[in-house]
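Right, one structure below, let's go through it.
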Amino acid sequence: EGGLRRLAAGASKTDEEKAREVQAEKETKFKKSYLNRPELGKWFKDNLPTINDGFEKINEKHEKGGFKATTFAGLGIENPPSEMDGVTEEKLMLETISGWYESIYSDMKKIRVPDQKAYLEEIEKSQFVTV
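Following this line, the structure appears as structure tokens:
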């Protein structure tokens with residue numbers, strides 16, 4: 075009986091470790107993507123209030139979640155980024171902006187705009203720190 079409890083406790087610890095590893099991988103992937111696109115990153119950070127409002131409205135319409143915005147106008151953004159990197163607006167929205175938003179909101183649990191901005195600023199500062 076005690077062995078079963080230890081086995082169960084060991085399994086849950088392994089699950090926790092796996093969850094932490096997955097979380098760390100998601101965070102690393104987000105940080106790399108964000109830091110590799112500084113112009114777009116600045117635009118994203120500057121437009122967080124509008125981006126949050128836009129996704130909130132979209133997600134209310136699509137209760138099942140997972141819905142991604144395909145246009146800046148669809149998010150209520152009047153000043154799209156100048157850095158498009160030669161991709162279509164839809165591709166940039168689906169692959170980068172929606173992904174970044176999902177990462178900081180869902181994966182990193184930064185729900186409020188001030189927390190999101192602080193998190194992004196911390197990432198920006200950390201790139202200059204050498205280990």
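One rule links them: number in the numbering used here = place in the sequence shown (from 1) + 74.
Glycine included, each C-beta is placed from N, C-alpha and C at the ideal position.
1. Report the option in R186, L122 and E152 whose CA atom is closest to the CA atom of S172.
2. Which ranges would you report for the alpha helix (DSSP H) in the segment 92-141 if only whole runs of at least 4 residues count?
3. Tell me, to the nearest whole angstrom, how far the beta carbon of K142 is from that of L168; I am working on the premise that it is less than 8 angstroms.
4. Taking T144 as the reference, give the member of T162, E130 and E196 with the closest Cα.
5. So, K191 versus K119, is the Cβ gap smaller than 8 angstroms?
6. CA-CA distance, A98 and Q201?
7. If you compare alpha carbons, which of G148, P112 and K103 is closest to T124?
8. Would Y179 and I185 qualify as a contact pair, given that the criterion is a beta-carbon distance under 8 angstroms?
9. Per DSSP, what kind of secondary structure is K165 in: helix, strand or coil?
Reading from the atomic positions:
1. Taking only the C-alpha atoms, the option nearest S172 is L122.
2. Within the segment 92-141, the complete alpha helix (DSSP H) runs of at least 4 residues are 112-120 and 122-135.
3. Indeed they touch by this definition, with Cβ atoms about 5 angstroms apart.
4. Checked all of T162, E130 and E196; the closest Cα to T144 is T162.
5. Closer than 8 angstroms, so yes.
6. Here the alpha carbon of A98 sits roughly 16 angstroms from the alpha carbon of Q201.
7. Comparing Cα positions, the closest option is G148.
8. In this structure, I185 lies closer than 8 angstroms to Y179 by Cβ.
9. Taken through DSSP and simplified to helix, strand or coil, K165 comes out as helix.
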